[in-house]
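**Q**
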Amino acid sequence: MSIALVALLPLAGALLASLTIRSGRNVCAATAGGATALALALLLSHAPAVFAGEVVRTQIDWLPQIGLSFSFFVDGLGLFFAGLILIIGLLIILYARFYLGRQDPMGRFFAYLLLFQSAMVGVALSENVLLFLVFWELTSLSSFLLIGYWRHLPEGRQGARMALIVTGGGGLLLIAGMLMLGEIAGSYQLTEILARGEAIKAHPLYLPTLLLILAGAFTKSAQFPFHFWLPHAMAAPTPVSAYLHSATMVKAGVFLLARLWPALAGTEEWFLIVAPVGLVTMGIAAWIAIFKDDLKGLLAFSTVSHLGMMTMLLGFGTPLAAVAAVFHVLNHATFKAALFMGAGIVDHEAGTRDARRLGGLIHLMPISATLALIATASMAGIPLFNGFLSKEMMLDVAVGTTYAGLPWLIPAAATLATIFSVAYSARLAFHVYLGPARDDYPHKPHDPPVGMWLPVAVLCFLVLAIGMLPAMVAGPLVELTAQAVIGPAPLPEYKLAIWHGLTPALGLSALAVVCGGLLCWWYAPLLRFRLSLPRPEAKRLFDAAVAALVDFSRAAVAALHTESLRRYAGIIILTIVAVAAGAYLSHPYAPGGRDMLPVSLPAVVVWLVVLAACIGAAWLHADRLLALIVTSIVGLVVSLSFLQFSAPDLALTQISVEVVTTILLLLAINLLPRRSDAEPGLLPRAWSGAVAVAGGIGVALLAFAMMTRSLPASISDFHLAQSKPGGGGTNVVNVILVDFRGFDTFGEIIVLGIAALAIFALLDSALRGAAARRLDAMRQKVESGDAHPLLLVVSTRVLLPLTITVGIFIFLRGHNQPGGGFIAGLVVAVALITQYMASGYVWAASQGRIDAQSMIGGGVLVAGLTGVAAWAFDAPFLTSTFGYVTLPIVGTFELASAMAFDLGVFLAVVGTVLLALSQISRIEARAERTPVPEGPMDPALKPAPDAAPAGE
Amino acid sequence: MEFLVATAIGALTATGIYLTLRGQTFPVIVGLAFLTYAVNLFLFVTGRLAIDKPPIISPDAAAYTDPLPQALVLTAIVISFGMTALIVVLALRAFLETGDDTVAAPSLVEAPPEGESPGAERP
Amino acid sequence: MQLAVEILVSALILIGAFFLLVGSYGLAKLPDLMRRLHAPTKSTTLGIGALLLASLAYFMLVQGTLSLHELLITLFLFLTAPVTAFMLAKAFMLRNREEAPQRPTGAGRNWATMAPADPPGGPAPGEDPLRK
Amino acid sequence: MIATACFVAIITVSLAVALSVYRLARGPDLADRVLALDTLAINAIALIVLLGIWYGTGMYFEAAMLFAMVGFLSTVAFCKFRLRGNVIE
Amino acid sequence: MNHWIIVPIVLPALTAAFLVLALRHDLLRQRLVSIASTVALLAVAIGLVVLADDGTTRPYAVGDWPAPFGIILVLDRLSAMMLALTAALGLVVSIYASGGWDTRGRHFHALFQFQLMGIGGAFLTGDVFNLFVFFEVMLIASYGLMLHGGGGRRLRAGFQYVAINLIGSTLFLFAVGLIYAVTGTLNMADLAVKVAQVGEGDAALLSAGIFMLLLVFALKAALVPLHWWLPTAYGAASPPVAALFAIMTKVGAYAIIRVHYMMFGDAAAAAAPWIVGAALVSMAIGALGALATRRLGDLAAFAVVWSMGSLLVAIGMFDPGAMAAALYYAAHSTVAGAALFLIADAIAQRRAGHGDALVLASPPTQSTPLSAAFFLAAIAMCGLPPLSGFVGKLLILDATRGPLAVWIWGFILATSLVTIIAFARAGSLLFWKSEAVAVAGAAGNASSPTPIPALRRTALPLLALLLLPAALSGFAGPAARYFDAAAAQIADVQGYVDAVLGAGDKAR
Amino acid sequence: MLRRTFPHPLLSLMLLLVWLLLVNDLSMGHVVLGAAIGIVVPLLTARYWPDRPRVRNLPAIVSYGIIVLYDIVVANVQVAMIVLFRRNDRLRSHFVEIPLELRTPEAIAVLAGTITMTPGTVSADLSSDGRSLLVHCLDADSPDEVVASIKSRYEKRLMEIFE
Ligand code: NA
Ligand code: NA
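Taken in order, these protein sequences are the chains called A, B, C, D, E and F. Going by this note's numbering, 940 is the number at position 899 of the first sequence; the sequence numbering is gapless. Going by this note's numbering, 105 is the number at position 67 of the second sequence; the sequence numbering is gapless. Going by this note's numbering, 536 is the number at position 54 of the third sequence; the sequence numbering is gapless. Going by this note's numbering, 61 is the number at position 2 of the fourth sequence; the sequence numbering is gapless. Going by this note's numbering, 13 is the number at position 7 of the fifth sequence; the sequence numbering is gapless. Going by this note's numbering, 75 is the number at position 81 of the sixth sequence; the sequence numbering is gapless.
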C-alpha cells in the first residue's frame, strides 16, 4: 500500500497545491514540496529492504478481467528512478518558487508539476504493464499542460501540441506493444514478463512487439527520427524543462528499455535496431547542439544526444553496457538539471538566453557561473566530474562492439559524437560564462536569491562527489540498479573509478576533448560550414504533415459530407437495396405454393389508376397542388384495397387519415412555394431514377415472393381464438389494438401527441424572429372575398351533430365491429375542423374553446392510468377486464376497461389533429394582410335591421 | 391478383424513392408519403391476400384473414401520420426561417461566416 | 315473391350503376366545368341513392336483416352534393372570369366570390419576401 | 340474378372510374381535377356498396360513409384553397 | 410479475402527460416535476440493475397476455444497465437544461420525458414490432427536441434528420413484415426459436428481412455508410439535446445485440465481418471529421461517430468477451459524448460573438474551470488514461482476436491519434490562442463586459458527467464484472428463450 | 328549462333517428342511448350553430320534400338524356340571377341546394349582400322561365317554412 502512496502522494499534493494557492505562494510551494518530500521519505523507507535484495510490492485489483491492477513494486531500478524523480522534483519545486513571477499562476503550475511527478513515479514503480501504460500516457498529458503553461506564447502551444502528438502517438503504439507482450507472456505483471524473457524472444510475434514498444520508447526519449519535438518543448518555463526534458520524462523511454531489458534485449533484432538509433541520435543531436544560440535549445539537443547514448548502450544488449547506461542516467540527471537551472538563472537575470548576446557572466554572477561551469565540465566529460566516468565506460564498451562486421564503425561514430559533445560544452562555457564582461545585457545580471542557486549547488556537489569518489558515492546504487536491469544474470566485472589505466577509451576521450575544443575555437568557420549544409527542419516537416492531415480530412469530409439530402438518402437507399439483394441472393429460395387469387376487372382498373398516379407524381411533382391531388387518389385507392382484402378497420383509418393529411398539406402549400424549381440536369434524375427502379423492383419481388407462399403458423391464431373469450370483442383487429397489443397503441398515441407538441413548439416560435418578419412581409394573394361561403357554413352546421353522432357510434362499436377510438377521434376532429374551415378559425375557436393540448395530455393520462389501474389488482400494466351489465329498460350491454383506454386514444387523436391544424392556421393568419371577416356570413348576411330575426 | 398488388407496391416504392431524392422539401414529403403507402401495403400483405374474410368473429364466417398485420398496419398508419404532420410543419418552418425550400444543410467544414455564431445562443 | 325481390334489387343495382356511369361520362364529355358540374353532382347522387336502396332492399328482403343505415349515406350525400358543386363553381369562376356572369342587378355588391380586388402589391405566399 | 347484376354494375362503375381518371388527367382547371376526384370518391362508394351486396355483408357500410365524408371535405378544402389560399382562416 | 419493470416506461409517459395537461404554463413547476420524476426514474433504474444482477431474466407480460402472443418486456442485466445509463444521463441533462435552455421553446420537459419513455421502451421490449413503436416514440420526441430553440441551421439540419429517419422507419416496417411473413411471430424469444426452424425455401426472404433490420439499427447507430445524419443533426441540435442523443445511437447498437446477436444468432452471423469493416471505416471518418470541423459541437458529433465505430467493432465481433468490452464502451462513450456536448455549450455561451467556432477569439470567461472540464472530457473521449475511455479501449483491444485483429488494432490506434490531434488543436485554439488574443488585444480596446451566465447553475450536471467517466474507470473492476455477467447472459440465448416463453405456461 | 335541454327538438329527433339507423337496431337500449345522444350532442354543438331557425310548419316541410324528391328523379333522367344524346355545341347553357326574398341563411341554403339537385340547374354563387343567387343552367331556352319556376316552386314554399 505504501508503495502505491509514493505515486499517489504527489497527486494529492497536486490537488492541495491548487487549493492552497489562496493562502499564498509560499504555502503553495511548501505544500508541493511537502508532498514530494513525504513521498520521497516513504520511498526511502523501503530502500533498506531493496538494498537487502528484496522486491517490495503491493497490489490492489482494478480490472482483474484483463489483468489490469494497481500493482507497484520497488526493486533497484524502480528505487533509483523514483528517487531520482522525487529528489530532483524537490529541487525543482524550490527553484520554481523563486523562478515564477507574480503574474504566473503558481497553483496551477504546481498542480501540473505534481501531477506529472505522480505519473512519473507511477511509471517507475508500476509492476503491471497496463498500469504502466496509464502512467505513461499521463506523463504525456501532464507534460502537455506544463509545456503550454505560458498560454500567451504561441511556441508554448505549438510545442505542447507537438509533444503530445508525438509522445501520445508513441504511447498508442506502446499500448499495442504491451498488450502483445502480455499476450505472449501470458501475464501483464512485469515480474512474470521479465521471467519469461527467453520465451518472449523466441515467439513469432517478438519482432512486431519489439517494434511497437520501441516506438513508444523512442518517441518519449526523443530518439531519431522523433528527436524534433524536444527542443520545441523548451518553450516551457525553465523548471519544467529542467525537470521533464532533462531529468525525468525523456528518460522514461530509456527507463522502459532498461525495464524490459531482460525480456527483450540481447537479440540480434534488438541490437540491430536500438544501438544504431541511439548512436545516430547521439551524433546528430550533438552536432545540432553546437549551433544552438538559445541556451535551452543547446541543452535540449544535448539532452537528446545523451539520451541517444543511453539508448545505444542499452541497445548493445550486454550487461556491461547496461551498467554504463545506468551510471550515465544518474550522471546526466545531475549535471543536466543543474545546467537547465543555470540557464534559467541566466534568463531570469540577464533577460536573454541567447549565447550571442551573452558572455563573461563569471564576472557578474560568480556563484551561478561557477556552478554552471562545473556542470558543463561534467557534460563535456572532463575528468574529476561524473560525466567523464560514464563516458569512459561508454567508449570502452563501444570499442568492443562490432556492427555489421565493421569493428571500427561504432567506436568511430561514438567518438565523433563525443567530439561534438565537447564542442557544444565548450561553447557554452566560453561563449556564455567565460570571456570578457559585457555591458549590453537587457538587464544587469546579479546572482539570484539563494533559493534559486542552492538547488544547482546541491546538484553540482553531487557531480563532483560522484566524479571523484564514484565507487563510494554511487557504487552501491549503480550496482543495485544495474542488477535490477539485467535481471537474474550475474553482474559483469566492472569498476567505478577515475583511473582504469591507459585504455583505448582514455585515448578516444582525450582525442575528443582536444578536437572538441578546437571545434569551439574554430566556431565561426564551423558555423559557415554548417550553414552551407542542407538542414531539414524537422518541425517544419512535422507541421507540414499535420497540416496535410488536416487538409486531407477537410477535403475528405467536404467531399463526403456534402450535406445534400439527395446524396445521403441516395447512398442509404442504395446500400439498403444492395444489402437486401445480397442477403436474398446468397440464401436458398423456393417459389411458394399458395394459390393465387383471380384477377378482376375492377382490380385491373384500380391497378392502372395506381400506375398512372405513380407516373403522374414522378412526372408532374413540380406542381405541388397536382402532386397533392395525385397523392389523395393513391390514398383513396389504398383504402379501397384494404377494404377489398378484408381489412375494414384499415380502410376506415386510411381514409380518415387521408383527409386530415390533405388539409394539412394544403395549409402548408399555401405558404410554401407553389412549384418546385426545375431539377438540375438529366444525370441526377437518371441516377435517382435508377435507384428508385431498383428499390421498386426489389420490393415488388419480395412482396410477390411473400404473397405466393403459404402462411406459417402465426401467433395471430391465438388472437383469433381469444378475441371474444379473452378480450371480450369480436373485432379481432380492435382487440389486438386495445388489448393484446395495447401497449403498441399506447406508444402510438404518444407518437401522435408528441407530433402535435413538437408542431406546436415549432410554430409557436415562428411568431418571432426571422420567420415572423417573413410572414409579415408575405402577402396572401387572396382573390376571392368570400371567406365563409354561406352554403358551406349552413351545411357544416347541420353536419356537425350528425358527424359527432357517427363518431360516438364508431367509438362504441369498435370493439366488436370496424371502428374504435382512433377512427372515432379522427371523425370528430374532422367534424370540428370542418367548422374551422367553414366559419373561420377565430369564430369557431371562440365558440368551441377546445383546449387541444389538455386533450392530448389528458388522453395519454387516461390511457396510461387505465393501464396502471391493473396494478391495483396485481395484474400487469394494461391488463383488461370486461363484464356485462344489465339495466332495466336499457338491457344488457358490455363494459370493458379497454373502452377507457380507447377513450384516451380518442382524446389524444382529437387533440392532436386540432392542435396541429389550428397551429398552422394561426401562422397563416399572420401572413394575412387583407382583413378576414371575423365569422361566418357577416356582415351582409346578418339579418338586416328591418328583417325579423331568424328563429326566435 | 398477387401480381397486381406486388407490382403496385413496387411502383409506389419506386415513386416514393424517386421523389424522396428530389432537392426540395415538398417533393420529398410527397415521396415519403408514397413510401408510407407502399410499406403499409407491404406490411398488410404479409398476412397474404384474402377476400371477404374480415377478422370479425361471427358464427357464419368460414375463415378469417390474419388480423395481426392489420393491427400492425393500423399502428403504422397512425405513426406515419404523426411523422408526416411533423415533417410538413418542419419544412414550412424552415422555409419561413431561411426563405429557402431546398433540402441541403450548411456545410460542416467550411469556416462559419463572419457575424454568425452558431453556438453562441444564450438561454 | 323471391323473384320479384331479386328483380327489384337487380334493377336498382343496374339503375344505380347506369347513373354513375352517366355522371362520369358527363364529366369526361361535357365541354367546360360549369356544364360538367351538372352531370356528376346529380347523376352520381341518384346513382348512389339507387344502389343504396338496392342494398337496403337486399338486406331486408333477401337476407332478412334490418338494414336502414344506407339511408344515412343518402342523407349525407344530399346534404353535401350541392355544397360541393357550389364551391367548385366558385373556384372555377374565380379563375375564369371571362366565362363568369355579369354583376348582379340592383345591388351595389358583386358576387361574393368576386367581391374584393387583390390586395395591393406584395409577393404571393411561397415566394420569399425578404429576399429581393 | 343479383350476383349478375352486381357483376355488371361493378364493371360499369369501373368504367366510370376510368372516365373520371381521364378527366383528372386532362384537367384543365384545378376545379376540373377536384371535381374528378370527388366523382372518384363517389364511384368508390358505389364499389363499396356493391361489394357489400356481393358478399352479403354490412361490414363495409362505415367505410362508404367515411368515403362520402372524405370526398366532401377534400373537395371543399381544395376549393377553399383556390378561393382563399388559407384553408382554415 | 414485478411491476417495477414497466415503471421506466410508464413513469416518464405519465409525467409528460401531466406536464402537458396541468403545468404547461408554469416552467418552474415543470422543471421541478421533470427533475423529480427523473430522479425517481434513476432510483428505479438502479433498483432494476440490482434486481437484474442476480442473473434472472425477468419477463413482464403487458396486459397479462402470455408470450409470444402479447407484448413482453424483458429485464435482464443488459436492459437494466441501459435503463440506468439513460436515467443517469437524463437526470444530468434535465438539470442542465433547466439552467435556461428550456426557455428557448415550448414543451421542452414534456418532450424530454417522452424521449426518456421511448428510449426506456426500446431497451425493455421483447417484441420486434413494439421495438418499432418505441423507436418511433423516441425518434419523434428527438425531432421535437432536436428542433428545440429553432434557428435556420437547426431547422434545415432537422429536415434532413427527420427525412433520413423516416426512410429508416419505412425500412423497419419492410423488415418486420418480411420476418413476420416467414416466421409468423413478433416476439423476440419466439423468433429465436422460429428462425432456426424456417424452411429451406424461405431462407432468402428471411435473410433479406434480417439484413434489412440490421440496416435499420445500423442507421440508428450511425454506422458508415448510413451515418450521414449524425454530424448534421447532433452538430445542429441544441447542446443539452445533443447530449441526451448520446444515448440514442446506443439504442441502435443495443438493438443489434438484442436482435441480431441474440435472436437471429447464426442467421445473422454472416453480418459480423461486415459490421466490423463498416465500423472501422466509421472510426476513420469520425476521426477525420473531428479533425476537419470548425466548430466544437461538430467536433463532438464526429467524435460520436468515431466512438460508435469503436463500439460497433466490439459488437461486430459477435463474441462474449468482446461483448463485455462493448457494453463497457457503450456506457463510457455515452457519458463522454454527453459531457463534450454540454461543455461545448458552456464554452459557447462564454465566448461572446464566437460561440463554439474554432477560431481565434477572446477567451471564454471562467476559462480555468472550463478548460479543465474540456480537458477531462477530451481525455475521456480520446481514450487517454486515467478516465474510462482508456479502459474501454484496453478492453476492446484485449478482446480483439482473429484475422482482423491487425486491422482493428491499427484502426483503433491510428484514429485515436487523429482524435487526439483534433482535440489538442481545438483545445489550444479555444483556451490558449484565445488568451493570447485577449492579452494582445486587452491594451487596445476595453471591450464592453458582456453578462456572464453563472457557471454555478450548470456546474453540477457538468461535474456529474465528468465524475462518471472517472467512476467508471476507478470502479472498472466491479463494472466489468457486471458487464461480463451481462455478456454471459446475452450469450445464453436459451436461458432468455426459456424465461420468456416459459412465462407462457400460465396462460389464463 | 325544457328549452335549454332541447335547444332544437327537431334536431334531437333527427339524431335519435340517425342513431337508430346507425346501429340498425330498434331495441329499447338503443332507443334510450339514442335519446341520450339526441339530448347531449345538440347541447355540445349548440354554440357552433347560433340563431337556429325555428321551423314549425311540418306539413309544408313534408310536401316540399316530396316535390323535391320527385324533381330530383326527373332531373336525373333529363340530365342523363342530355349527357348521353345531346352534342356539346347544342347545349344552351347560361347563368341566371335569382333575386332572393328569403333572408334566413338556412332557408337560402336549402333553396340553393334544391336548385342544384333539380333539373339542369346548379347554384353557383351568392351576391355578397345575400340578395341574389347565381344559377347556372345546363340547357334552357328562357332564363326568365327558370327564374320564375324556381321562385314559385321552391322559394315560396320555403318562405312558408322558415319565415
Ligand atoms: Na398518409
Ligand atoms: Na391503434
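Here a beta-carbon is modelled for each residue, glycine too, at the ideal position from N, C-alpha and C.
Can you tell me whether A/Y925 is helix, strand or coil according to DSSP?
**A** Within the first sequence, residue 925 of chain A is the residue found at index 884, counting from 1. In this structure, A/Y925 counts as strand in the three-state DSSP scheme.
**Q** For the candidate residues E/V143, E/L197, E/E206 and E/G155, whose alpha-carbon lies nearest to that of E/S175?
**A** For the purposes of this step, residue 175 of chain E is taken as residue 169 along the fifth sequence, with counting starting at 1. Ranking E/V143, E/L197, E/E206 and E/G155 by CA distance to the CA of E/S175 puts E/V143 first.
**Q** Run down chain A in chain order and give the residues with a C-beta less than 9 Å from the C-beta of B/L146.
**A** To locate residue 146 of chain B, count along the second sequence from 1; it is residue 108. Simply V598, A599, H602 and E604.
**Q** Just checking: is the beta-carbon of B/P93 within a distance shorter than 8 Å of some beta-carbon in chain D?
**A** Position 55 of the second sequence, counting from 1, holds the residue named residue 93 of chain B. Output row for B/P93: interface = no.
**Q** Below 8 Å on the Cβ atoms is my guess for B/V147 versus A/R595; work out the distance and round it to an integer in Å.
**A** Within the second sequence, numbered from 1, the residue matching residue 147 of chain B stands at position 109. Within the first sequence, numbered from 1, the residue matching residue 595 of chain A stands at position 554. The pair is a contact, with the Cβ atoms about 5 Å apart (cut-off 8 Å).
**Q** Would you decide whether F/S146 is buried or exposed? Buried here means 16 or more other CB atoms lie within 10 Å of its CB.
**A** On the sixth sequence, position 152 is the one that residue 146 of chain F refers to. Flag for F/S146 reads exposed.
**Q** Mapping DSSP to helix, strand and coil, what is A/Y535?
**A** The residue you call residue 535 of chain A lines up with position 494 of the first sequence. Reduced to three states, the DSSP call for A/Y535 is coil.
**Q** Using C-beta distances below 6 Å, list every residue in its chain close to A/A937, excluding the 5 sequence neighbours before and after it, in chain order.
**A** As a working note, residue 937 of chain A is residue 896 in the first sequence. Counting only Cβ-Cβ distances below 6 Å, and skipping sequence neighbours, we find G769 and F923.
**Q** Against chain C, with Cβ distances strictly below 8 Å, would F/E91 count as a contact?
**A** In the sixth sequence, counting from the first residue as 1, residue 91 of chain F sits at position 97. Interface residue, yes.
**Q** Output the distance between the C-alpha atoms of F/I109 and F/V141, rounded to the nearest integer angstrom.
**A** For the purposes of this step, residue 109 of chain F is identified with residue 115 of the sixth sequence, where counting begins at 1. For the purposes of this step, residue 141 of chain F is identified with residue 147 of the sixth sequence, where counting begins at 1. Using only the alpha carbons, I get a separation of about 11 Å.
**Q** Between the segment 366 to 374 of chain A and the segment 394 to 413 of chain A, do at least 3 Cβ pairs fall closer than 8 Å?
**A** no
**Q** Determine the chain E residues that contact A/A1055 at a beta-carbon separation under 7 Å, and present them in chain order.
**A** Outside the displayed span of chain A (42 to 993) sits residue 1055 of chain A, for which this structure offers no information.
**Q** Using only the alpha-carbon positions, how far apart do B/T58 and A/G657 sit?
**A** Taking the first residue of the second sequence as position 1, residue 58 of chain B is located at position 20. Taking the first residue of the first sequence as position 1, residue 657 of chain A is located at position 616. Each residue's Cα considered, the two are about 15 Å apart.
**Q** Could you tell me the distance, in whole angstroms, from the CA atom of F/E91 to the CA atom of C/R518?
**A** Sequence index remark: in the sixth sequence, residue 91 of chain F carries index 97 (1-based). Sequence index remark: in the third sequence, residue 518 of chain C carries index 36 (1-based). Near 20 Å, if we compare the C-alpha coordinates of C/R518 and F/E91.
**Q** Select from A/S959, A/S550, A/G227 and A/G54 the residue whose C-alpha is nearest the C-alpha of A/E433.
**A** Locating residue 433 of chain A in the first sequence gives position 392, where the first residue counts as 1. Residue A/S550 is the option with its Cα nearest to A/E433.
**Q** Between the segment 154 to 172 of chain A and chain E, which residues of the former have a C-beta closer than 7 Å to a C-beta of the latter?
**A** L171
**Q** Under 8 Å between beta-carbons, which chain F residues line up against A/I696? List them in chain order, please.
**A** Along the first sequence, one-based indexing puts residue 696 of chain A at 655. Proximity of chain F to A/I696 at the Cβ level (cut-off 8 Å) is not reached, the minimal Cβ distance being about 18 Å.
**Q** Between which two residues does the beta strand (DSSP E) containing A/Q100 stretch?
**A** Reading the first sequence from its first residue, position 59 is the one you call residue 100 of chain A. Looking at the DSSP string, the run of the beta strand (DSSP E) that includes A/Q100 is V97 to L104.
**Q** How big is the Cα-Cα spacing for A/I216 and E/G164?
**A** Here residue 216 of chain A corresponds to residue number 175 of the first sequence, with the count starting at 1. Here residue 164 of chain E corresponds to residue number 158 of the fifth sequence, with the count starting at 1. The alpha-carbon atoms of A/I216 and E/G164 are separated by roughly 40 Å.
**Q** Since A/V315 contacts A/S262 with CB under 8 Å, what's their CB separation in whole angstroms?
**A** Position 274 of the first sequence, counted from the first residue, corresponds to residue 315 of chain A. Position 221 of the first sequence, counted from the first residue, corresponds to residue 262 of chain A. Contact between A/V315 and A/S262 is ruled out by a C-beta separation of about 11 Å, above the 8 Å threshold.
**Q** Quick check: the Cα distance between A/F122 and E/A337, rounded to an integer number of angstroms?
**A** Translated into positions along the first sequence, residue 122 of chain A becomes position 81. Translated into positions along the fifth sequence, residue 337 of chain E becomes position 331. Cα to Cα, the separation comes out at about 37 Å.
**Q** Considering only C-alpha positions, which residue in the set E/S148, E/G156, E/H154 and E/A187 is nearest to E/N171?
**A** Residue numbering aside, residue 171 of chain E sits at position 165 when the fifth sequence is read from its first letter. Among E/S148, E/G156, E/H154 and E/A187, the Cα nearest to that of E/N171 is on E/S148.
**Q** When you compare only the Cα positions, how much space is there between E/A386 and A/A45?
**A** Residue mapping note: residue 386 of chain E aligns to position 380 of the fifth sequence, counting from 1. Residue mapping note: residue 45 of chain A aligns to position 4 of the first sequence, counting from 1. Separation of E/A386 and A/A45 (C-alpha to C-alpha, rounded to the nearest whole angstrom) is 23 Å.
**Q** Run the CB neighbour count on A/F593, radius 10 Å, all protein chains shown included, and call it buried at 16 or more, exposed below.
**A** The residue given as residue 593 of chain A occupies position 552 in the first sequence. A/F593 should be labelled exposed.
**Q** Please confirm if the segment 84 to 101 of chain F is in contact with the segment 541 to 558 of chain C, defined as three or more CB-CB distances below 8 Å between the two stretches.
**A** no
**Q** If you reduce the DSSP assignment to three classes, tell me which class A/F111 lands in.
**A** Here residue 111 of chain A refers to the residue found at position 70 of the first sequence. In this structure, A/F111 counts as strand in the three-state DSSP scheme.
**Q** In chain A, which residues lie less than 7 Å from F/V12 when you measure between Cβ atoms?
**A** Against the sixth sequence, residue 12 of chain F aligns to sequence position 18. Those within 7 Å of F/V12 in chain A are L843 and T846.
**Q** Would a check of beta-carbon distances place B/L70 closer than 8 Å to chain A?
**A** Sequence index remark: in the second sequence, residue 70 of chain B carries index 32 (1-based). Chain A contact via Cβ: absent.
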